[in-house]
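Below you'll find the structure, written out as structure tokens, and then a few comments.
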Amino acid sequence: MAEVRLRKVVKRYEEVEAVRGIDLDIADHEFVVLVGPSGCGKSTTLRMIAGLEDITGGDIVIGGDVVNDVPPKDRDIAMVFQNYALYPHMTVEQNMSFGLRLKRYPKAEIRKRVDEAARILDIKDLLYRKPKQLSGGQRQRVAMGRAIVRNPKVFLFDEPLSNLDAKLRVQMRTEIKKVHLQVRTTTVYVTHDQVEAMTLADRVVVMNNGNIEQVGTPHQLYHTPQTRFVAGFIGSPAMNFIPCQMEEAGAGLNIRVTDGLSFPIPPARADRYRRHAKNGKLLLGLRPEHITEAGQHIQPGEVPFEARLDVTEPMGMETLVYFPLNGTQVCGRVNPNAGAQDGAPLRLAADLNNMHLIDDATGRVI
Amino acid sequence: MVDAAISAPREIAVSRSRAGLRKAMQRKSTVAFFMALPLILLIALLVIYPALYSLHLATLNKSMERFVGLSNFTFLFNRQTFWLVVKQSCIFAITAVVFKALIGFIVAHFVHNIPAKGQRKWRGMLLVPWVIPPAMSTLAWLWLFDPSYSAFNWVLAIFGIDPVPWTGDAYWARFSVILVNIWIGAPFFMIMYLAALKSVPEQLYEAAEIDGANWWQRMWYVTLPMMRNIIAITALFSLIVTFANFDIVRILTAGGPIDMTHVFATWSFRVGIEGGDIPLGASVSLFMVPILAIAAIFILRDITRRGSEV
Amino acid sequence: MANVAIPAGAARAGRRPRYGSMSRDRQWALRWSYFFLVLFAIFFLLPPIYMLITSLKTSAEISAATNPWWVFRPTLENYRELLTSNQYLVFFRNSAIVSVFVVAITMLISVPAAFALARMKFWGSATLATGVFLTYLIPETLLFLPLFKMFAVFNDWTGIQLINRWWVLLIVYPTLTVPFATWIMIGYFASIPKELDEAALIDGATWMQTLTKIFIPVALPGLIAATIFAFTVSWAQFLYPLAFTTSTDQLVLPVGIITTLIKGDVFNWGQIMTGALLGAAPPLIIYAFLMDYYISGLTAGATKG
Numbered sequence: 001m002a003e004v005r006l007r008k009v010v011k012r013y014e015e016v017e018a019v020r021g022i023d024l025d026i027a028d029h030e031f032v033v034l035v036g037p038s039g040c041g042k043s044t045t046l047r048m049i050a051g052l053e054d055i056t057g058g059d060i061v062i063g064g065d066v067v068n069d070v071p072p073k074d075r076d077i078a079m080v081f082q083n084y085a086l087y088p089h090m091t092v093e094q095n096m097s098f099g100l101r102l103k104r105y106p107k108a109e110i111r112k113r114v115d116e117a118a119r120i121l122d123i124k125d126l127l128y129r130k131p132k133q134l135s136g137g138q139r140q141r142v143a144m145g146r147a148i149v150r151n152p153k154v155f156l157f158d159e160p161l162s163n164l165d166a167k168l169r170v171q172m173r174t175e176i177k178k179v180h181l182q183v184r185t186t187t188v189y190v191t192h193d194q195v196e197a198m199t200l201a202d203r204v205v206v207m208n209n210g211n212i213e214q215v216g217t218p219h220q221l222y223h224t225p226q227t228r229f230v231a232g233f234i235g236s237p238a239m240n241f242i243p244c245q246m247e248e249a250g251a252g253l254n255i256r257v258t259d260g261l262s263f264p265i266p267p268a269r270a271d272r273y274r275r276h277a278k279n280g281k282l283l284l285g286l287r288p289e290h291i292t293e294a295g296q297h298i299q300p301g302e303v304p305f306e307a308r309l310d311v312t313e314p315m316g317m318e319t320l321v322y323f324p325l326n327g328t329q330v331c332g333r334v335n336p337n338a339g340a341q342d343g344a345p346l347r348l349a350a351d352l353n354n355m356h357l358i359d360d361a362t363g364r365v366i
Numbered sequence: 367m368v369d370a371a372i373s374a375p376r377e378i379a380v381s382r383s384r385a386g387l388r389k390a391m392q393r394k395s396t397v398a399f400f401m402a403l404p405l406i407l408l409i410a411l412l413v414i415y416p417a418l419y420s421l422h423l424a425t426l427n428k429s430m431e432r433f434v435g436l437s438n439f440t441f442l443f444n445r446q447t448f449w450l451v452v453k454q455s456c457i458f459a460i461t462a463v464v465f466k467a468l469i470g471f472i473v474a475h476f477v478h479n480i481p482a483k484g485q486r487k488w489r490g491m492l493l494v495p496w497v498i499p500p501a502m503s504t505l506a507w508l509w510l511f512d513p514s515y516s517a518f519n520w521v522l523a524i525f526g527i528d529p530v531p532w533t534g535d536a537y538w539a540r541f542s543v544i545l546v547n548i549w550i551g552a553p554f555f556m557i558m559y560l561a562a563l564k565s566v567p568e569q570l571y572e573a574a575e576i577d578g579a580n581w582w583q584r585m586w587y588v589t590l591p592m593m594r595n596i597i598a599i600t601a602l603f604s605l606i607v608t609f610a611n612f613d614i615v616r617i618l619t620a621g622g623p624i625d626m627t628h629v630f631a632t633w634s635f636r637v638g639i640e641g642g643d644i645p646l647g648a649s650v651s652l653f654m655v656p657i658l659a660i661a662a663i664f665i666l667r668d669i670t671r672r673g674s675e676v
Numbered sequence: 677m678a679n680v681a682i683p684a685g686a687a688r689a690g691r692r693p694r695y696g697s698m699s700r701d702r703q704w705a706l707r708w709s710y711f712f713l714v715l716f717a718i719f720f721l722l723p724p725i726y727m728l729i730t731s732l733k734t735s736a737e738i739s740a741a742t743n744p745w746w747v748f749r750p751t752l753e754n755y756r757e758l759l760t761s762n763q764y765l766v767f768f769r770n771s772a773i774v775s776v777f778v779v780a781i782t783m784l785i786s787v788p789a790a791f792a793l794a795r796m797k798f799w800g801s802a803t804l805a806t807g808v809f810l811t812y813l814i815p816e817t818l819l820f821l822p823l824f825k826m827f828a829v830f831n832d833w834t835g836i837q838l839i840n841r842w843w844v845l846l847i848v849y850p851t852l853t854v855p856f857a858t859w860i861m862i863g864y865f866a867s868i869p870k871e872l873d874e875a876a877l878i879d880g881a882t883w884m885q886t887l888t889k890i891f892i893p894v895a896l897p898g899l900i901a902a903t904i905f906a907f908t909v910s911w912a913q914f915l916y917p918l919a920f921t922t923s924t925d926q927l928v929l930p931v932g933i934i935t936t937l938i939k940g941d942v943f944n945w946g947q948i949m950t951g952a953l954l955g956a957a958p959p960l961i962i963y964a965f966l967m968d969y970y971i972s973g974l975t976a977g978a979t980k981g
């Protein structure tokens, strides 16, 4: 039983509150990712779970026991650091077995666990090398191996892929996922990269400024963000936020973006939005993937419009287009063959089925 | 499978209350304190206490039975030798440090200039004066300066120059003391400056070159500012060490001729141990403190000010 | 601008130019550098070489005042005499014992202290660290007199004789070696990434285990440098032994040579130089083999300011 519970956990440094009372339940075997910008409190939270930071307020429960005052070595956790933190004077095998040797495990047991972990991570050939002889990816795997042999209740990852180059990062991401599928230990993973969060997590915890903005599966966060922050944080390129007004249009509602441009709101949502019709500070949230080139046939919910492009960024498999709308720069993703050119007009279509309406004053998604 | 539970010989300490956390904190603090304790004791008992004790000693009379207040000091102020000692100590220290720094700086540049492979060899050779125990090397200089057999005078004689009374004449003796001081200390400066030179980022020089600076300007605007801290720290250390130096004067000239090369250290030894008047000796060496303190304050203030700039 | 010829002053940088062969200016700068380096090398190496030359001469040759820079009839007589002289060997032995013990004491005090100061922040650790640094502002030449008196008083109280016994040096030498050794170790320990402590903490190590199993092995170069430094300083000490030891059997090498070989007006320079050279030998030998550790210990604080 290795669930982790955070109850009203607070962390204060002098006058600064790094973590402002968060509640979180992590189920056994779950892979949870804490994601957010620098300074949001995710690393601090992780370190409190590890016992590397003291808890100013609240409780942390691991496997049913309150561990607030328990030192790290007795919490039955293992941690993988951003800089690997491998002991430079020890071989890979010694690095991995260090914790077990300190606890005086029998040699046969140590050997067994090290071999097993080495097999899972495919580092059997490296067991007798020293860290300086290994590449970044290999070192990261050794760091994971060190965590695995301890057979802990919880794995803690502190931005483990940030030091790797882009290509290696993608590779190691899948490695980590594979290991989790095999070993099934409860995992808390911290990163600032929302792509890692989306691809690895069972559930994602988006943090901002010491608070939890939203907890949910990647799907939930992508399709139903609850705050403007989450909406803008998840997804790359980020969601567009266009200032707008609501207006009546016969039986339905329209979103008016500029004098010349308004979008009809899909009827299914009209009721929900109606009561905010008078709100002067509304934002239309639309992901770039939902602004595409207008095709031959217009689907229900899609609204065609014309825009003069500022810049285009051909990415190969798609072209990103940037154009101004009501004072903001909007990004769209079009087919590479759509004829997008810098400075030229292009006929685009916005998929309003996937729109989000945001109250700019409260930052909440309506 | 790693999952298979083979129970380990461990127990989880289930937490108690918040007080347990404080205990854990204390544990780390107490362990740390005990680790540092020998150091603290050593410094307290054998450095700080004697320093304060010497203040007390300086106020006693020769047999150390009576309290005489500042009369030791007034006695010193009236002795001409004392003022000689003050003057000589300061001149030696400042002159020697200036030249040590200069020579160290220049040599460091030359070493820095040659290809990296050769640097190690040259560094090795040039550091030798600093490795040899000063007492031993001063003996060598004493022999080199010997009134009858000086090897230097022998060479001078070849050029028809009269023999120099290296340790016999007061002014030559001072020169000799400073020379030996420089010889022993310059390598230290060289090593420190060399390390500092290497730490100046190459790109700064490249940017300066592109901006049109010649070698002198690069030195003034790039090298020296970057090395300010090191220059200050080494100068401070060296000032203190040179100012308080005992070995060189003692062996080379024993303070003579006619007390013209005495420094605080040698004179306080003469007065305190050889003369048996410990309080008076203590008063002499105490006089170093204010001078050292002033130098220290100036230089440290300069460092911390720069430190916050960078 | 990839083909810029390096202007004259650029030679100072010491890097190999990337484009083709060296320009004439660079070569000239190099020649001047070597020229001056040779001059300085002569200046710095002159005295030790002269010591060697003199040590190979007989007394007769020395007093004959022939060319002092050349040995006409080299002899090992001086060496033989000293190395079989009981007195000299006693000096050597005393120096060796004292130095070795002092090194051990120094490391035992400064390594844990440096670890505590560098890693475990505790109340007053910052002041203590600066305090350690500042003890160097209190020179031995200030302390030797009060210490002398203190030892005499100690003798009156406890009857344990400290003055004129070589073990008194074991007490005072550490005051000279420990502060700098601690400073060196703090520098090395501080450069070990913090995550290593945390990994060890999570792996279950106590503070002592972290020190002995992780920090000491990783900071081994620093330890060697500090050891060398402590040894060299102990071996070269002159003032403290001169002040505190007087009987010939208690003397260490520097004091021994000065006080016994210089008898009256007749100086046996051949023997004196031999004695001095042999006395300088241990630090020089260590230096020859471990020069890099020596130098890195010195500069440990330099670039870290």
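Chains as they are written, first to last, in my numbering: chain A, 1 to 366; chain B, 367 to 676; chain C, 677 to 981.
Where a beta carbon is used, it is the ideal one built from N, C-alpha and C, also for glycine.
Looking at the secondary structure, which residues open and close the alpha helix (DSSP H) in which residue i lies?
{"i": "B:V463", "result": "Q446 to N479"}
{"i": "A:M207", "result": "Counting along the chain, A:M207 falls outside any alpha helix (DSSP H), though it belongs to the beta strand (DSSP E) covering R203 to N208."}
{"i": "C:I836", "result": "Element bounds for C:I836: n/a, residue is neither H nor E."}
Between residue i and chain C, is any beta-carbon pair separated by less than 8 Å?
{"i": "A:K11", "result": "no"}
{"i": "A:A78", "result": "yes"}
{"i": "B:M592", "result": "no"}
{"i": "B:S651", "result": "yes"}
{"i": "B:P416", "result": "yes"}
{"i": "B:D643", "result": "no"}
{"i": "A:P88", "result": "yes"}
{"i": "B:P375", "result": "Model confidence at B:P375 stands at a pLDDT of 33, short of 50, so the residue's coordinates are unreliable; what they give is reported in the following sentence. Cβ-Cβ to chain C under 8 Å: no for B:P375."}
{"i": "A:N83", "result": "yes"}
What residue range does the beta strand (DSSP E) around residue i cover?
{"i": "A:K73", "result": "Unbroken run through A:K73: none, as it is neither H nor E."}
{"i": "A:Y322", "result": "T319 to L325"}
{"i": "C:I738", "result": "Here C:I738 belongs to no beta strand (DSSP E); instead the alpha helix (DSSP H) covers S735 to S739."}
{"i": "B:F635", "result": "Counting along the chain, B:F635 falls outside any beta strand (DSSP E), though it belongs to the alpha helix (DSSP H) covering F630 to F635."}
Since residue i contacts residue j with CB under 8 Å, what's their CB separation in whole angstroms?
{"i": "A:F263", "j": "A:V204", "result": "At roughly 29 Å, the Cβ-Cβ gap does not stay under 8 Å, so A:F263 and A:V204 are not in contact."}
{"i": "B:R489", "j": "B:V477", "result": "6 Å"}
{"i": "B:A424", "j": "B:P645", "result": "6 Å"}
{"i": "A:F241", "j": "A:G301", "result": "A:F241 to A:G301, Cβ: 20 Å. No contact."}
Hey, does residue i have any beta-carbon neighbour from chain B nearer than 8 Å?
{"i": "C:V928", "result": "no"}
{"i": "C:L721", "result": "yes"}
{"i": "C:L966", "result": "no"}
Which residues share a DSSP beta bridge with residue i?
{"i": "B:L746", "result": "Lying before the first or after the last residue shown, residue 746 of chain B is absent from chain B, which here runs from 367 to 676."}
{"i": "A:I242", "result": "A:L284"}
{"i": "C:S786", "result": "None; C:S786 has no bridge partner."}
{"i": "A:D25", "result": "A:R5"}
Going by other Cβ atoms of all chains shown within 10 Å of its Cβ, with 16 needed for buried, is residue i buried or exposed?
{"i": "B:S649", "result": "buried"}
{"i": "C:T924", "result": "exposed"}
{"i": "A:Y13", "result": "exposed"}
{"i": "A:G280", "result": "exposed"}
{"i": "A:P314", "result": "exposed"}
{"i": "A:I123", "result": "buried"}
{"i": "C:V714", "result": "exposed"}
{"i": "A:S217", "result": "It is Thr, not Ser, that sits at residue 217 of chain A in the sequence shown. Exposed: under 16 other Cβ atoms inside 10 Å."}
Using 8 Å as the limit for Cβ to Cβ distance, is residue i near chain A?
{"i": "C:D879", "result": "yes"}
{"i": "C:Q885", "result": "yes"}
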